[in-house]
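Under the working numbering, the sequence shown has 36 at position 36, and the numbering climbs by one with no breaks.
All C-beta atoms, glycine included, are put in the ideal place defined by N, C-alpha and C.
Notes follow the structure.
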Amino acid sequence: MSINLLELADRLRTEADAYEYLEELRWAGQPFCPHCGSVREHYFLKPANGSSRKTTRGSSSERRVWKCAECRKQFTVLTGTIFHGTKIPVRKWLLVIFDMASCKNGMSAREIERKYDLATKTAWFMAHRIREAMKREPIAGLLTGRVVADETWYGGKPSNRHKSARKPRKQGHTDKTPIVSLISRETGEVRSEILGRTTATPVINGDNLREVLIKHVDPAETHLHTDAGMHYRKVASMFAAHTAVDHVIGEYVSGDVSTNQAENYFSQLKRSLDGTHHHVSVEHLPRYLAEFDFRRTTCKDTDGERMNRIISRTGSRRLTYREPTRG
Ligand SMILES: [Zn+2]
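This is the structure we're talking about:
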């Protein structure tokens, strides 16, 4: 299925259209009661005048409301999702999700605010909720096969940024944040994490690398590809195989082993964090990493498929209005 923003906007002329579209994507023809989990034949509550109903406040609403055949409670396709309780039209949600899913460098809250005529706070909150839905599923399995591991430093004072230095001159005296990315050469899946979040001074070492690797990779089934960094030698023995390319001696590819994919990923990530988002604080970095990992992992999907993936992850994950702070 391939759809572009214009076609989507065309399909979503009214709020009722948007509800129906979301029902199709989330329920695939079988309405699901979020209160009791029942998928029996639920009742669609037909609005009195055909398309809209009166709310308790007297305004009209185009929400599509269902009544559970089992527990008799009412629900809509938004109940229990990140859209629940939102005052933002579902139409706008879907269009913004599509836009964020298809935009290669990401979209800043500022752009969303302008393009969709939303309040600053609203646009910012939507962007964060959508990023939240882009996060890996918690039960995602371990990576196996050929896995590239590489690390980079991000951020710091403007005067320290953009310098080609991969590592700060003096470890232990840096305002940069170390990030490690794992890329499956088999599936293209990318998983990034901030290293050593628990330590006061950011550092890349064998211990915090091992922690991240064990969380995401099955060592017995994995051939690890890295550069020749010392810290990888410390963790190499856990893996079925380990091949390192030595950048110092000018080696960038050894057989089919290379860390180029990771380096390309990092350069795009940094361009976008600084260009589109005008720098991101450490506090918010995990969400942006999730967004980038998602987009890279699904880079072979069409924009429509990517939107559907996000929507399939909007259920049962709540983020309150207060949780994110500006940064
Ligand atoms: Zn029910």
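Residue i, enclosing beta strand (DSSP E) - first and last residue
i, result
"residue 241", "241-245"
"residue 224", "217-227"
Under the three-state DSSP convention, the category residue i falls into
i, result
"residue 74", "strand"
"residue 232", "helix"
"residue 125", "helix"
"residue 116", "coil"
"residue 289", "helix"
"residue 61", "strand"
"residue 212", "helix"
"residue 302", "coil"
"residue 11", "helix"
"residue 152", "strand"
"residue 295", "helix"
"residue 142", "coil"
"residue 315", "strand"
"residue 19", "helix"
"residue 308", "helix"
"residue 130", "helix"
Distance, residue j Cα to residue i Cα
i, j, result
"residue 19", "residue 87", "14 Å"
"residue 99", "residue 117", "14 Å"
"residue 122", "residue 266", "30 Å"
"residue 178", "residue 91", "38 Å"
"residue 35", "residue 70", "10 Å"
"residue 201", "residue 195", "11 Å"
"residue 111", "residue 94", "16 Å"
"residue 304", "residue 6", "12 Å"
"residue 295", "residue 221", "26 Å"
"residue 315", "residue 80", "6 Å"
"residue 11", "residue 306", "18 Å"
"residue 193", "residue 129", "19 Å"
"residue 349", "residue 234", "Here the chain has residues from 1 to 327 only, and residue 349 is not among them."
"residue 256", "residue 313", "35 Å"
"residue 126", "residue 237", "44 Å"
"residue 225", "residue 242", "6 Å"
"residue 164", "residue 105", "Low confidence applies to residue 164: its pLDDT is 46, below 50, so where it sits in the model is not reliable, and the reading given next is rough at best. The straight-line gap from Cα to Cα measures roughly 21 Å."
"residue 167", "residue 148", "Residue confidence is low: residue 167 scores 49 on pLDDT, short of 50, so the model does not pin down where it sits. Its coordinate-derived value is still stated next. Cα-Cα distance, rounded: 19 Å."
"residue 9", "residue 214", "44 Å"
"residue 380", "residue 62", "Residue coverage of the chain in this structure runs from 1 to 327, which leaves residue 380 outside it and unanswerable."
Bridge partner(s) assigned by DSSP for residue i
i, result
"residue 281", "Paired residue(s): none; residue 281 is not in a bridge."
"residue 192", "181"
"residue 44", "66"
"residue 147", "184 and 224"
"residue 81", "315"
Host alpha helix (DSSP H) of residue i (start-end)
i, result
"residue 266", "260-275"
"residue 255", "Premise fails: residue 255 is in no alpha helix (DSSP H) and is neither H nor E."
"residue 98", "90-102"
Near ligand 2: residue i beta-carbon under 7 Å from a heavy atom
i, result
"residue 73", "Inclusion of ligand 2 in the displayed structure is not the case, the ligand content consisting of ligand 1 alone."
Supposed contact pair residue j and residue i - C-beta distance, whole angstroms, cut 8 Å
i, j, result
"residue 132", "residue 82", "7 Å"
"residue 262", "residue 311", "With 8 Å as the limit, residue 262 and residue 311 do not qualify as a contact, their Cβ atoms being about 29 Å apart."
"residue 285", "residue 279", "In fact, because the Cβ distance is near 10 Å, the residues do not count as touching under 8 Å."
"residue 297", "residue 190", "5 Å"
"residue 142", "residue 218", "4 Å"
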